[in-house]
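FYI, the numbering for the sequence shown is 1 to 366, going by UniProt numbering.
Glycine included, each C-beta is placed from N, C-alpha and C at the ideal position.
Read the structure below first, then the notes.
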Amino acid sequence: MSQCPCPRTCKGSNGLSSFRLCACKVRLPITWAAFADALQPLDKATYGAHSADLDIVTVPDPFYKDQASFVTIPRQMLSDFLRQAKLSGLRVILDIHAYPGGASHGTYNGVWPLKCAFWTEKSKIGPEKNLTEVGMWIVEKMIHWIENLDFEPQGAIAGIVLMNEPGHMNRWKQFAADKAILAWLSEASARYSRSELPFLGIKLYMNLVETAFQDFEGVVVPWYHSTFSLEERKTRVVADVHYYMAWDYHVCDGRSDPFGAYSCTQNYQGTLRGCAEGNAKNMRRRWSQHDELVAVSEFSLGTFDQIDLACKELPVLETMLKEQLAAFAKYNFETIFWTWKMPYATDFQPGWSLKWLLSQHQERKK
């Protein structure tokens, strides 16, 4: 969720209304299966027999056809969510989080733990098509759907992420050529630019991660500045980055054992402030020397990547949130807390549930 000025209190008992206490934007991750009907050129019976607006059905991954399947997301459900968001004073960033064959190496890629196939393989259902081409069909379908939405749900959309963390872990796994990733992002972005979305005030959040490229600073940052004009970067294209202290081992991680950068119970504020400020300053240098748009669309209060050793004490978590928000606000970055519902994973709540943190804070104030 995004940290920005919103009313301190709000009325209503539904989830979205109560959410408005601390957020005015919601980043909604979805899979390619929300637009599974875009794959009808591969096989109409497989991908086009269901109602894209109403039906919840299972569709196979076009490459891992016998190993991975996805559940469709009825687009009427998405429209209803957008309408409710609009009524609640919220705006939504739609994020395509997973693509056919897996476009990144992570548990969220839809085919984990199978090898990422999106960048190099062809479909195994219907005619052979490069999965990158199939991915472009999905981009086109999403754009067309948004262009034709009714006024209310369309007006709730603040922006789109055409691909989350493209090529994550490619720097080490080497499942794609850097130029192939950037070429696909260039074409997908061009389709956004040629659409009605910029004129509707819907921004493009261009998500780029260091873990995907061999030379991020020397290749990717210049690519971004040459692909999008200064006017675009200041008005409708957002440099979209992720920041997690938990994976910055021995520099910014907090642990309950003696091997982290700080202790969970003492001497943590200086480290947290330095890490947050240093990261924000570096992002400013990379992306926003002329006040261009920047969003930290994922950050959290996870202090270490192993949950049994991560800090769960409220004072250190509150300090971590405060220091990150202060650093991001200093450079005028949009901030979005990465959270999810976890009814059966309570150990993860301190680092990954802002709702949990706020409830604990309120309890302590009583």
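What number of angstroms, rounded off, separates the C-alpha of Gln306 from the C-alpha of Phe175?
For the purposes of this step, residue 306 is taken as residue 306 along the sequence shown, with counting starting at 1. For the purposes of this step, residue 175 is taken as residue 175 along the sequence shown, with counting starting at 1. In a straight line, the C-alpha of Gln306 is about 26 Å away from that of Phe175.
Taking 8 Å as the cut-off, decide whether the C-beta atoms of Gly106 and Met169 are in contact.
By 1-based counting over the sequence shown, the position of residue 106 is 106. By 1-based counting over the sequence shown, the position of residue 169 is 169. Yes, the pair counts as a contact, with Cβ atoms nearer than the cut-off.
Between which two residues does the alpha helix (DSSP H) holding Arg233 run?
Against the sequence shown, residue 233 aligns to sequence position 233. Arg233 -> alpha helix (DSSP H) spans Leu230 to Thr235.
Which residue wins for smallest C-alpha separation from Val26, given the options Gln67, Leu78, Pro41 and Ala85?
In the sequence shown, the residue the question calls residue 26 occupies position 26. With distances taken between Cα atoms, Val26 lies closest to Ala85.
For residue 372, does the three-state DSSP call read helix, strand or coil?
The question about residue 372 has no answer here: the residues shown for the chain are numbered 1 through 366.
Please classify Asp53 as buried or exposed, where buried requires at least 16 other C-beta atoms within 10 Å of its C-beta.
In the sequence shown, residue 53 corresponds to position 53, counting from 1. Exposed.
Extract the residue ranges of the beta strand (DSSP E) inside the region 73-123, only unbroken runs of 3 or more that lie entirely within it.
Taking only runs of at least 3 residues, the beta strand (DSSP E) segments lying wholly in the region 73-123 are 91-98.
Hey, is the region 146-159 in contact with the region 113-133, meaning 3+ C-beta pairs nearer than 8 Å?
No, because fewer than three Cβ pairs between the region 146-159 and the region 113-133 fall closer than 8 Å, the two stretches do not touch.
Are the region 117-125 and the region 313-327 touching, with three or more C-beta to C-beta distances below 8 Å?
Contact between the region 117-125 and the region 313-327 is absent, because fewer than three Cβ pairs lie under 8 Å.
Rank Val294, Leu28, Gly302 and Phe35 by C-alpha distance to the C-alpha of Phe348 and give the top, closest one.
Position 348 of the sequence shown, counted from the start, is the residue given in the question as residue 348. For the residues Val294, Leu28, Gly302 and Phe35, the minimum Cα distance to Phe348 belongs to Gly302.
Is Ser297 closer than 8 Å to Ile336 when the C-beta atoms are compared?
Position 336 of the sequence shown, counted from the start, is the residue given in the question as residue 336. Position 297 of the sequence shown, counted from the start, is the residue given in the question as residue 297. In this structure, Ser297 lies closer than 8 Å to Ile336 by Cβ.
Excluding sequence positions up to five away, which residues of its chain have a Cβ less than 6 Å from the Cβ of Asp240?
Translated into positions along the sequence shown, residue 240 becomes position 240. If we look at Asp240 and ignore the five residues flanking it on each side, its Cβ neighbours are Tyr205, Met206, Asn207, Ala295 and Ser297.
Ala38 to Leu321, Cα distance in whole Å?
Residue mapping note: residue 38 aligns to position 38 of the sequence shown, counting from 1. Residue mapping note: residue 321 aligns to position 321 of the sequence shown, counting from 1. Approximately 40 Å, taken between the alpha carbons.
What is the C-beta distance between Tyr99 and Trp32, in whole angstroms, given that I count them as a contact (C-beta under 8 Å)?
As a first step, residue 99 is located in the sequence shown; it is residue number 99 there, counting from the start. As a first step, residue 32 is located in the sequence shown; it is residue number 32 there, counting from the start. So it is a contact: roughly 5 Å between Cβ atoms.
When you compare only the Cα positions, how much space is there between Glu165 and Ala103?
Looking up residue 165 in the sequence shown gives position 165. Looking up residue 103 in the sequence shown gives position 103. About 8 Å.
Among Asp95, Ala45 and Gly89, which has the Cα closest to the Cα of Trp338?
In the sequence shown, residue 338 corresponds to position 338, counting from 1. Of Asp95, Ala45 and Gly89, the residue nearest in Cα terms is Asp95.
When we look at the beta-carbon of Asp80 and count the other beta-carbons within 10 Å, is it buried (16 or more) or exposed?
On the sequence shown, residue 80 is found 80 positions in, with the first residue counted as 1. Asp80 is exposed by the Cβ-count criterion.
Is the beta carbon of Arg171 sitting closer than 8 Å to the one on Phe213?
Looking up residue 171 in the sequence shown gives position 171. Looking up residue 213 in the sequence shown gives position 213. A contact, by the Cβ cut-off of 8 Å.
Please report how far the alpha carbon of Leu21 lies from the alpha carbon of Trp356, in whole angstroms.
Here residue 21 corresponds to residue number 21 of the sequence shown, with the count starting at 1. Here residue 356 corresponds to residue number 356 of the sequence shown, with the count starting at 1. Caution applies to Leu21, whose pLDDT of 46 falls short of 50 and renders its modelled position unreliable; the model cannot decide the point.
Taking 8 Å as the threshold (C-beta atoms), are Tyr192 and Ile138 in contact?
Taking the sequence shown and counting its residues from 1, one reaches residue 138 at position 138. Taking the sequence shown and counting its residues from 1, one reaches residue 192 at position 192. No, Cβ-Cβ distance for Ile138 and Tyr192 is not below 8 Å.
In the DSSP assignment, find the unbroken beta strand (DSSP E) run with Glu140 in it and report its ends.
Position 140 of the sequence shown, counted from the first residue, corresponds to residue 140. Here Glu140 belongs to no beta strand (DSSP E); instead the alpha helix (DSSP H) covers Leu131 to Glu147.
For a test of the three-state rule: what should DSSP assign to Pro153, helix, strand or coil?
In the sequence shown, the residue the question calls residue 153 occupies position 153. Helix, per DSSP.
Should His361 go down as buried or exposed, given a rule of 16 or more other Cβ atoms within 10 Å for buried?
For the purposes of this step, residue 361 is taken as the residue at position 361 of the sequence shown. Exposed: under 16 other Cβ atoms inside 10 Å.
For Pro5, is the classification buried or exposed, using 16 other Cβ atoms within 10 angstroms of its Cβ as the cut-off for buried?
Residue numbering aside, residue 5 sits at position 5 when the sequence shown is read from its first letter. Model confidence at Pro5 stands at a pLDDT of 40, short of 50, so the residue's coordinates are unreliable; what they give is reported in the following sentence. When all chains shown are included, Pro5 counts as exposed.
Taking the C-alpha atoms as reference points, what is the distance between Leu82 and Val92?
Here residue 82 is taken as the residue at index 82 of the sequence shown, counted from 1. Here residue 92 is taken as the residue at index 92 of the sequence shown, counted from 1. Looking at the two C-alpha atoms, the distance is approximately 7 Å.
Within the region 193-248, note down every full beta strand (DSSP E) run reaching 3 residues or more, in order along the chain.
The region 193-248 contains these whole beta strand (DSSP E) runs: 203-207 and 237-242.
Identify every residue that forms a DSSP beta bridge with Thr58.
To locate residue 58, count along the sequence shown from 1; it is residue 58. Beta-bridge pairing links Thr58 to Val71.
Per DSSP, Ala295 forms a beta bridge with which residues?
On the sequence shown, position 295 is the one that residue 295 refers to. Looking at the DSSP assignment, Ala295 forms a beta bridge with Asp240 and Glu334.
Give, in chain order, every unbroken run of the beta strand (DSSP E) that is at least 3 residues long and sits entirely within the region 243-325.
Counting whole runs of 3 or more residues, the region 243-325 contains the beta strand (DSSP E) stretches 294-299.
Using the rule of at least 16 other Cβ atoms within 10 Å of the residue's Cβ for burial, across every protein chain shown, is Gly270 buried or exposed?
As a working note, residue 270 is residue 270 in the sequence shown. The residue in question, Gly270, is exposed, as its Cβ has fewer than 16 Cβ neighbours within 10 Å.
Expressed to the nearest angstrom, what Euclidean distance is found between the alpha-carbon atoms of Gly48 and Tyr224?
Looking up residue 48 in the sequence shown gives position 48. Looking up residue 224 in the sequence shown gives position 224. C-alpha separation (whole angstroms): 36 Å.
Considering just the uninterrupted stretch of the alpha helix (DSSP H) at Leu354, what are its terminal residues?
Position 354 of the sequence shown, counting from 1, holds the residue named residue 354. Leu354 to Lys365 is the span of the alpha helix (DSSP H), which, as asked, contains Leu354.
Leaving out five residues before and five after Tyr244 in sequence, what residues of the same chain have Cβ atoms less than 7 Å from its Cβ?
If you number the sequence shown from 1, residue 244 lands on position 244. Closer than 7 Å at the Cβ level, and outside the excluded window around Tyr244, lie Phe299, Ser300 and Gly302.
Can you tell me whether DSSP reads Pro343 as helix, strand or coil?
Locating residue 343 in the sequence shown gives position 343, where the first residue counts as 1. In the structure shown, Pro343 sits in coil (DSSP, three-state: anything other than H, G, I, E or B).
Check each candidate in Met136, Ser263, Ala36 and Lys173 and name the one with the smallest Cα separation from Pro74.
Walking along the sequence shown from the start, residue 74 turns up at place 74. It is Ala36 whose Cα lies nearest to the Cα of Pro74.
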